[in-house]
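Q: If you use our numbering, the sequence shown closes out at 379, no skipped numbers anywhere. The structure is given below, and queries will be raised subsequently.
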Amino acid sequence: MDYFHRNKKVVFGFALLISLVIYMFLFRENSSESSWKTELSFLGAIDQGVAATGTINPKNTVEVGTQISGIIEGVFVDYNDTVQVGTLLAIVDSSIIDANIEQLEANLSAAEAVFKASESKYAREKRLHAQNFISISTLENTEKLFLESKSRLALAQAELKREKRNKTFTNITSPISGVVMEKKIDVGQTVAARFQTPTLFKIAADLNSMQIEALVSEADIGQVKRGQSVKFFVDAFFEELFEGTVELIRLEPKVEQGVVNYIVVIDVDNEDKKLLPGMTAQATIITSSKEGVQLVPLAAVRFKPPNNVSLEKKEQDGEKVSSADSATVYSPDNHGNLLEHQIETGISDGRFIEVIRGFEIGNEVITGEVNKTKEKSSAFRFSGR
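Written as structure tokens, this is what we have:
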């Protein structure tokens, strides 16, 4: 009986041990190990700038209209066509104007005939009056008729000249050399120019040179100067970086919902015709540029180590770091600890920041933490049916 009880205790103890082992394998918490993301400091070039967004447009755009009303008889250009100064764009039906010219020419002939007759009569009566054959009142009446005929002749000449001038407006030509950006008419369409000149075409001058009208906030506009370099990209060629130059800062502010911006005009070379009117440009106006300076990732300056990490402050050699532009970065040592470095910083481009002093070139700098989680799985597997 005692033997049975002893064996029972042994079996119970063994079962308890097995249960404990299974529990440790199945429910043991995950273990974590910390490691660091690091990069090397290096010598390089860096640009600091002001961000701006704007639209790419031709430098010069002209709207072409018509000064006369009528039916469009012909259209000779289309979108994207290249035109020169004087290129015929469209013709307005001139039949009504031609009829008016014929009528005005007839009116002019009649006015000339009346003028010649009155002129001859006036000259004759002046001679008669000099010989006292007619009274002064008769001469004055003849003179009045002569002057009236002279005025009617001048009026007829002016009306004919104006209508012939209108005839030239039936040929709509390009005032500049460029590209047709917009065409608003078709053959058979009626245009009315009574109150204002309707726009029929929009022509952009040379697209080899474009401009960006970029918005810059009032907080940043003080850093922008004429002649500064600009780097920008467009969505159509997001992997390509384009360049330009600040040409003009418009003094007239643009206020929207209480936000004040200024338009900065940026000249852009477009010899390869990649840039199209209306594209949105994400630009950076370079306000400061340096080459051959020590750089570290901006993430290194923003990194803050966990509270449970052992820190060792690195002694500063040489000149004391200026507190106004100071920052703290960290580097790993050979014992798993972090070395704290007080550095003096310069300009930043949003990705990297200049290190003036306080850190050695080529050293590792920590930019973040990597958590490695090791999952402990059970060594035992149970299967059932």
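The C-beta atom is built at its ideal place from N, Cα and C for all residues, glycine as well. Predicted, not measured: the structure shown is a model, and the values here were computed from it.
How many Å lie between I66 and E241 at the Cα?
A: C-alpha separation (whole angstroms): 41 Å.
Q: In angstroms with no decimal places, state the Cα-to-Cα distance between S29 and K225.
A: Roughly 37 Å between the two C-alpha positions.
Q: So, helix, strand or coil for I50, using DSSP?
A: Strand at I50.
Q: What residue range does the beta strand (DSSP E) around I206 cover?
A: Its beta strand (DSSP E) spans residues S203 to S211.
Q: Measuring CA to CA, which of T361, R351 and V86 is closest to R296?
A: Here the closest residue by C-alpha is T361.
Q: Report the residue from Y116, A150, N126 and L149 whose alpha carbon sits nearest the alpha carbon of E134.
A: Nearest option by C-alpha distance: Y116.
Q: Could you work out which residue in D263, I206 and S63 is closest to P192 when comparing CA atoms only?
A: Minimum Cα distance to P192 is reached at S63.
Q: Mapping DSSP to helix, strand and coil, what is Y382?
A: This structure does not reach residue 382, given that the chain is present from -5 up to 379, and the question cannot be answered.
Q: Compute the Euclidean distance between the alpha carbons of Q251 and V349, then round it to the nearest angstrom.
A: If I take the Cα positions, the gap works out to 40 Å.
Q: Kindly list the residues whose CB is nearer than 8 Å to the CB of A277, restricted to its own chain and excluding five residues on each side of it in sequence; keep chain order.
A: Excluding positions up to five away in sequence, the list reads A45, A46, T47, G48, I206, A208, V224, K225, F226, G238 and I260.
Q: In this structure, does DSSP put A84 in helix, strand or coil?
A: Reduced to three states, the DSSP call for A84 is strand.
Q: Please state the DSSP three-state secondary structure of F70.
A: The answer is coil: DSSP assigns F70 none of H, G, I, E or B.
Q: Would you decide whether I355 is buried or exposed? Buried here means 16 or more other CB atoms lie within 10 Å of its CB.
A: Classification for I355: exposed.
Q: Do the CB positions of T164 and I85 come within less than 8 Å of each other?
A: Cβ atoms of T164 and I85: closer than 8 Å.
Q: Tell me whether the beta-carbon of G59 lies closer than 8 Å to the beta-carbon of L194.
A: Result yes, Cβ atoms of G59 and L194 sit closer than 8 Å.
Q: Could you check how far apart the C-beta atoms of I347 and S320 are, in whole angstroms? I think they sit under 8 Å.
A: About 12 Å; that fails the 8 Å criterion.
Q: Figure out for me which residue from N264, V181 and I215 has the closest Cα to the Cα of L201.
A: L201 has its Cα closest to that of N264, out of N264, V181 and I215.
Q: Following the continuous alpha helix (DSSP H) through E234, name the residue where it begins and the one where it ends.
A: Careful: E234 lies outside any alpha helix (DSSP H) and carries neither H nor E.
Q: Under the DSSP definition of a beta bridge, which residues are partnered with S112?
A: Note: S112 sits in no beta bridge, so no partner.
Q: Of all the beta strand (DSSP E) runs that stay within the bounds of the segment 266 to 297, which reach a length of 3 or more residues?
A: Correct list: 274 to 291.
Q: Around the C-beta of V359, are 16 or more other C-beta atoms found within 10 angstroms, so that it is buried, or is it exposed?
A: It is buried - the Cβ of V359 has at least 16 other Cβ atoms within 10 Å.
Q: Which first and last residues belong to the alpha helix (DSSP H) in which F140 is found?
A: Counting along the chain, the alpha helix (DSSP H) containing F140 begins and ends at I130 to T162.
Q: Could you give the DSSP three-state label for N165: helix, strand or coil?
A: Here N165 sits in strand by DSSP.
Q: For E113 and F140, which I take to be in contact (beta-carbon distance under 8 Å), what is that distance rounded to the nearest angstrom?
A: Indeed they touch by this definition, with Cβ atoms about 6 Å apart.
Q: Assuming K196 and E57 make a contact with CB atoms under 8 Å, what is their CB distance in whole Å?
A: That belief holds up - the Cβ atoms of K196 and E57 are roughly 5 Å apart, short of 8 Å.
Q: Would you mind sorting S91 into buried or exposed? The rule is 16 or more other CB atoms within 10 Å of its CB.
A: Strictly speaking, residue 91 in this sequence is Ile, with Ser absent from that position. So I91 ends up on the buried side.
Q: Whose C-alpha, out of P299, V262, V254 and V218, is nearest the C-alpha of I243?
A: Answer by Cα proximity: V218.
Q: Relative to the C-alpha of L147, which candidate in K267, A111, N94 and P299 has its C-alpha closest?
A: For L147, the nearest C-alpha among the options comes from A111.
Q: In the DSSP assignment, find the beta strand (DSSP E) that holds D214 and state where it starts and stops.
A: That residue, D214, is in no beta strand (DSSP E); it is neither H nor E in DSSP.
Q: Quick check on the burial criterion: 16 or more other C-beta atoms within 10 angstroms. Buried or exposed for F119?
A: Looking at the sequence itself, residue 119 is Glu, so the reference to Phe does not match. Per the 10 Å Cβ criterion, buried.
Q: Buried or exposed, going by whether 16 or more other CB atoms sit within 10 Å of the CB of Q288?
A: The residue in question, Q288, is buried, as its Cβ has 16 or more Cβ neighbours within 10 Å.
Q: To the nearest angstrom, how far is it from the Cα of A105 to the Cα of S143?
A: Straight-line Cα distance between these residues: approximately 7 Å.
Q: If I40 sits next to D343, beta carbons under 8 Å apart, how far is it from one beta carbon to the other, in whole angstroms?
A: I40 to D343, Cβ: 5 Å. Contact.
Q: Can you tell which of K31, G38 and L122 has its C-alpha closest to the C-alpha of S283?
A: When only C-alpha atoms are compared, the closest one is G38.
Q: What would DSSP say about K120, mapped onto helix, strand or coil?
A: Residue state, collapsed to three classes: helix.
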